[in-house]
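As given, the protein sequences belong to chains W and Z, one line each in that order.
6 is the number of the first residue of the first sequence in my numbering; add one for each residue after it.
25 is the number of the first residue of the second sequence in my numbering; add one for each residue after it.
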Amino acid sequence: KQEVTQIPAALSVPEGENLVLNCSFTDSAIYNLQWFRQDPGKGLTSLLLIQSSQREQTSGRLNASLDKSSGRSTLYIAASQPGDSATYLCAVKNTGFQKLVFGTGTRLLVSP
Amino acid sequence: DTAVSQTPKYLVTQMGNDKSIKCEQNLGHDTMYWYKQDSKKFLKIMFSYNNKELIINETVPNRFSPKSPDKAHLNLHINSLELGDSAVYFCASSRVGAMNTEAFFGQGTRLTVV
Numbered sequence: 006k007q008e009v010t011q012i013p014a015a016l017s018v019p020e021g022e023n024l025v026l027n028c029s030f031t032d033s034a035i036y037n038l039q040w041f042r043q044d045p046g047k048g049l050t051s052l053l054l055i056q057s058s059q060r061e062q063t064s065g066r067l068n069a070s071l072d073k074s075s076g077r078s079t080l081y082i083a084a085s086q087p088g089d090s091a092t093y094l095c096a097v098k099n100t101g102f103q104k105l106v107f108g109t110g111t112r113l114l115v116s117p
Numbered sequence: 025d026t027a028v029s030q031t032p033k034y035l036v037t038q039m040g041n042d043k044s045i046k047c048e049q050n051l052g053h054d055t056m057y058w059y060k061q062d063s064k065k066f067l068k069i070m071f072s073y074n075n076k077e078l079i080i081n082e083t084v085p086n087r088f089s090p091k092s093p094d095k096a097h098l099n100l101h102i103n104s105l106e107l108g109d110s111a112v113y114f115c116a117s118s119r120v121g122a123m124n125t126e127a128f129f130g131q132g133t134r135l136t137v138v
């Protein structure tokens, strides 16, 4: 059974800092991994999708990496801004299963 | 244009009532999902439909019945609502197979059972 864990559970940084959010999963037979952000009381916004054959994906100030063999993914946020404050979720899709298994989330607060 | 839309956004109802949540996607995806986010913000799959056929039914009480009239719609009907059903329900869609795409989520329906 796939289990996804995110560390840290909460993170508070001053504006401008670079930061890394971590995601680990127990079953390396994944099809893809997706990072989302969720603002309070809102839905999920997809940030990046990494296929199992890829090592990383970049979108603007965001960079996500994937190491299937060690069961880890990281989301790197460069030059953080207060608007980045949200909960970040990673989710994995296992090969042969049409569902996402979500992590526990990291609540990020970027202060001005 | 909203990619995945669900209605209503908020739903407050009494125990024992029956209610429905509607979901529509305009992305041309072939697979739709219902996820439940509990009070601790943990998201978990409930159902998945591919081309109108049920492919995933995770240990969900049979009071919950999904219905997919066509590939673009997946509705969730809940009978005899209980206090423990209070949560945020998210609809999502994706395309599976060789062209596996990212999943897109609706804005959620906050269900409160009183």
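We put the beta carbon where it would ideally sit given N, CA and C, even for glycine.
Since we're looking at a predicted model, the values are computed, not measured.
In this structure, what does DSSP give as the bridge partners for residue i?
{"i": "Z/Thr37", "result": "Z/Val137"}
{"i": "Z/Lys76", "result": "Z/Lys76 is not bridged to any residue."}
{"i": "W/Pro19", "result": "W/Ser116"}
{"i": "W/Ser51", "result": "W/Phe41"}
{"i": "W/Ala69", "result": "W/Gln62 and W/Leu80"}
{"i": "W/Asn27", "result": "W/Ile12 and W/Thr79"}
{"i": "Z/Ser44", "result": "Z/His101"}
{"i": "W/Phe122", "result": "Because chain W here runs from 6 to 117, residue 122 of chain W falls outside it and cannot be looked at."}
Which two residues bound the contiguous beta strand (DSSP E) that contains residue i?
{"i": "W/Lys98", "result": "Ala91 to Asn99"}
{"i": "Z/Ala111", "result": "Ala111 to Ser118"}
{"i": "W/Thr63", "result": "Glu61 to Ser64"}
{"i": "Z/Gln131", "result": "Careful: Z/Gln131 lies outside any beta strand (DSSP E) and carries neither H nor E."}
{"i": "Z/Lys91", "result": "Phe88 to Asp94"}
{"i": "Z/Ser29", "result": "Val28 to Thr31"}
Measuring straight from C-alpha to C-alpha, what distance separates residue i and residue j?
{"i": "W/Leu114", "j": "W/Tyr93", "result": "11 Å"}
{"i": "Z/Tyr113", "j": "Z/Asn103", "result": "15 Å"}
{"i": "W/Asn37", "j": "W/Ser90", "result": "25 Å"}
{"i": "Z/Glu48", "j": "W/Gln43", "result": "20 Å"}
{"i": "W/Ile35", "j": "Z/Ile79", "result": "18 Å"}
{"i": "W/Gln59", "j": "W/Ser29", "result": "16 Å"}
{"i": "W/Pro45", "j": "W/Ser75", "result": "32 Å"}
{"i": "W/Leu16", "j": "W/Pro117", "result": "14 Å"}
{"i": "W/Gly110", "j": "W/Cys95", "result": "7 Å"}
{"i": "Z/Lys76", "j": "Z/Ser63", "result": "30 Å"}
{"i": "Z/Glu126", "j": "Z/Leu35", "result": "28 Å"}
{"i": "Z/Gln61", "j": "W/Glu22", "result": "30 Å"}
{"i": "Z/Thr26", "j": "W/Gly108", "result": "26 Å"}
{"i": "W/Leu53", "j": "Z/His53", "result": "18 Å"}
{"i": "Z/Gly132", "j": "W/Leu71", "result": "28 Å"}
{"i": "Z/Val57", "j": "Z/Ala116", "result": "Going by the sequence as given, residue 57 of chain Z is Tyr instead of Val. If you take the alpha carbons of Z/Tyr57 and Z/Ala116, they lie about 5 Å apart."}
{"i": "W/Gln39", "j": "Z/Pro32", "result": "27 Å"}
{"i": "Z/Ala96", "j": "Z/Ser29", "result": "11 Å"}
In three-state DSSP terms, what is residue i?
{"i": "Z/Leu51", "result": "coil"}
{"i": "W/Pro117", "result": "coil"}
{"i": "Z/Leu100", "result": "strand"}
{"i": "Z/Leu107", "result": "helix"}
Does any heavy atom of the ligand SAM sit closer than 6 Å to the C-beta of residue i?
{"i": "W/Thr109", "result": "As far as ligands go, the structure on display features none, and thus does not contain the ligand SAM."}
May I ask you to verify whether the segment 65-75 of chain Z touches the segment 89-106 of chain Z, counting CB pairs closer than 8 Å and requiring at least 3?
Because the criterion of three Cβ pairs below 8 Å is met, the segment 65-75 of chain Z and the segment 89-106 of chain Z touch.
Determine contact between the segment 36-48 of chain Z and the segment 79-86 of chain W, defined as no fewer than three beta-carbon pairs at a distance below 8 Å.
no
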